[in-house]
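Residue numbers (our numbering): 1 to 513. Yeah, the Cβ is synthetic: ideal placement off N, Cα and C, and Gly gets one too. Below: the structure, in structure tokens.
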């Protein structure tokens, strides 16, 4: 009989052979990287090019604009970006965090500016170490583009306007806007990362079964500027640099994000038109009108904006749109980033969500056996989350322009932070879930709704206790003064009414799934 050692050695050999066979089958089934065409060399397209190039793909990266490295970005249309946990994770995966984030400025909360004076600082989280980061869109785009161009198997071409896409042949034709030259590129995978007004998505829209919607915000935006200062408590910054500054004015607002040179990029969000006679881009057009309005509505900001008149007249008004569509894929052509799900900028998650798309698509292409299977897995993983952040961004616009200036909102935030400190695993505020974690957006939205319901219940309970204390005190006073009022009955009545309100609120509020 074979010895125990021999039997053990035999079993080990069998195990090793089995593992080798599994690995061989896995390798055979794994997709072999090939040719990919990425249309759009913006934030998402450039980062995806880095991911796929390092995974062995041969990458063609084409962009309609001229090479931004040859000239400065035009002023007036570039809202600073807020990069948070999701974006940092994606940049870290590409080894680009140190390069791209070296000039980022930490923002630990909102600094509120009311007409009558400061509304104070509102931290984003109960954890003071948590912050979002102010980054210039142009600096971020250039850094990602440089990283993509540095990869040996990435070819970058600019001034390439997409004219046609053949979904059956997986070919895309472009015309060079400088030379007029036409070229057709074939690929095993075509990625439309060409922004909110995507040419790739427009080509998909011609096919039956493609659902598409776009909703423009009734507000537009205009970029303004606060320069650096030589003296002051925060010099070279004119204001506290580690905060996102907000001037909430109900139907409109202005925000300011810090820049490394000590300046602030300000963005004015006004209605395009206003039927109630309020401020709008249609009603305030001239430098004198802008100055008069700022004196009345943004007095503290005006003192810091010596170029306001020129900036207001010179800089254009931009529009903001929410784009939703489905399906994202057709015959190995896929949409990514704003091309699939443009969102308004009020949660600071547009770039972060697009970077998550890049990670999800790169993972799917690594894990799935076929390109088509990978694209289906990617869409399934991302579409609900993209719709969720679109909804939350729209809701956050109302919060920023209106609620942040209210005392009740500040109380609610303090209560949320207190609950988070007391129950850090059970109660996590929505902002923490969205900006300081990688919890899927759809899950974060659902948990945020549950948080709101819990806060509402707690507020009713507080009111109930206060009413009970007041009525009890009145009853004691009446008894002391020998009053013959039936305050005990009043007490019971009020308690029952409030209890009924609480029950009705809880009963009619459906917990999200």
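Residues near residue i in its chain [Cβ-Cβ closer than 6 angstroms; skip 5 each side]
{"i": "residue 349", "result": "389"}
{"i": "residue 102", "result": "none"}
{"i": "residue 177", "result": "159 and 161"}
{"i": "residue 185", "result": "37, 60 and 172"}
{"i": "residue 175", "result": "161, 163 and 182"}
{"i": "residue 313", "result": "287"}
{"i": "residue 57", "result": "33 and 36"}
Buried/exposed call for residue i, threshold 16 Cβ in 10 Å
{"i": "residue 91", "result": "buried"}
{"i": "residue 247", "result": "buried"}
{"i": "residue 422", "result": "exposed"}
{"i": "residue 83", "result": "buried"}
{"i": "residue 71", "result": "exposed"}
{"i": "residue 429", "result": "buried"}
{"i": "residue 424", "result": "exposed"}
{"i": "residue 160", "result": "buried"}
{"i": "residue 461", "result": "exposed"}
{"i": "residue 179", "result": "exposed"}
{"i": "residue 63", "result": "buried"}
{"i": "residue 108", "result": "buried"}
{"i": "residue 234", "result": "exposed"}
{"i": "residue 66", "result": "exposed"}
{"i": "residue 330", "result": "buried"}
{"i": "residue 404", "result": "buried"}
{"i": "residue 466", "result": "exposed"}
{"i": "residue 469", "result": "exposed"}
{"i": "residue 135", "result": "buried"}
{"i": "residue 448", "result": "buried"}
{"i": "residue 346", "result": "buried"}
{"i": "residue 128", "result": "exposed"}
{"i": "residue 232", "result": "exposed"}
{"i": "residue 152", "result": "exposed"}
{"i": "residue 310", "result": "exposed"}
Cβ shell of residue i (< 7 angstroms), same chain only, five flanking positions each side left out
{"i": "residue 295", "result": "302"}
{"i": "residue 205", "result": "212"}
{"i": "residue 87", "result": "351, 352 and 355"}
{"i": "residue 149", "result": "156"}
{"i": "residue 437", "result": "85"}
{"i": "residue 226", "result": "238, 256, 263, 264, 266, 304 and 305"}
{"i": "residue 26", "result": "The predicted position of residue 26 is uncertain, since its pLDDT is 36 and thus under 50; a value taken from the coordinates is nonetheless stated next. None."}
{"i": "residue 97", "result": "88 and 91"}
{"i": "residue 114", "result": "405"}
Closest residue to residue i among the options (Cα-Cα distance)
{"i": "residue 407", "options": "40, 41, 121 and 96", "result": "121"}
{"i": "residue 220", "options": "321, 157 and 440", "result": "321"}
{"i": "residue 338", "options": "40, 33 and 209", "result": "40"}
{"i": "residue 355", "options": "341, 281 and 368", "result": "341"}
{"i": "residue 445", "options": "42, 434 and 454", "result": "434"}
{"i": "residue 540", "options": "105, 93 and 64", "result": "The requested residue 540 does not occur in the structure, where the chain is confined to residues 1 to 513."}
{"i": "residue 118", "options": "240, 473, 152 and 68", "result": "240"}
{"i": "residue 336", "options": "243, 288, 43 and 447", "result": "43"}
{"i": "residue 95", "options": "361, 143 and 442", "result": "143"}
{"i": "residue 391", "options": "163, 375, 167 and 442", "result": "442"}
{"i": "residue 141", "options": "469, 38 and 46", "result": "46"}
{"i": "residue 328", "options": "210, 182, 455 and 110", "result": "210"}
{"i": "residue 298", "options": "268, 286, 326 and 318", "result": "268"}
{"i": "residue 262", "options": "244, 237, 277 and 347", "result": "237"}
{"i": "residue 385", "options": "360, 396 and 369", "result": "360"}
{"i": "residue 343", "options": "394, 291 and 312", "result": "394"}
{"i": "residue 514", "options": "69, 89, 126 and 97", "result": "The requested residue 514 is not part of the displayed model; the chain covers only 1 to 513."}
{"i": "residue 308", "options": "293, 319 and 318", "result": "293"}
Other residues of its chain near residue i: CB distance less than 8 angstroms, five sequence neighbours each side excluded
{"i": "residue 458", "result": "415"}
{"i": "residue 274", "result": "251, 280, 282 and 283"}
{"i": "residue 188", "result": "34, 35, 36, 170, 332 and 371"}
{"i": "residue 431", "result": "124 and 125"}
**Item:** Segment contact, 8 angstroms Cβ cut-off, at least three pairs: the region 400-409 with the region 368-380
**Value:** no
**Request:** Starting from the N-terminal side, write out each stretch of the beta strand (DSSP E) that is 3 residues or longer and does not extend beyond the region 303-340.
**Result:** 318-326 and 333-335
**Asked** At which residue ranges does the region 242-298 contain complete beta strand (DSSP E) runs of 3 or more residues, listed in the order of the chain?
**Response** 244-248, 253-258 and 264-271
**Message:** Does the region 197-206 come into contact with the region 240-256, if we say contact requires no fewer than three beta-carbon pairs (one atom in each stretch) closer than 8 angstroms?
**Reply:** no
**Prompt:** How about the region 359-378 and the region 39-56: do they share at least three Cβ pairs that are nearer than 8 angstroms?
**Reply:** yes
**Request:** Entirely within the region 178-239 and at least 3 residues each: give me those beta strand (DSSP E) ranges in chain order.
**Result:** 182-186, 189-192 and 211-226
**Request:** Let me know the alpha helix (DSSP H) ranges lying completely inside the region 28-71, each 4 residues or longer, listed in chain order.
**Result:** 43-54
**Request:** Kindly provide the ranges of any alpha helix (DSSP H) runs that are 4 or more residues long and lie completely inside the region 422-466, ordered along the chain.
**Result:** 430-435
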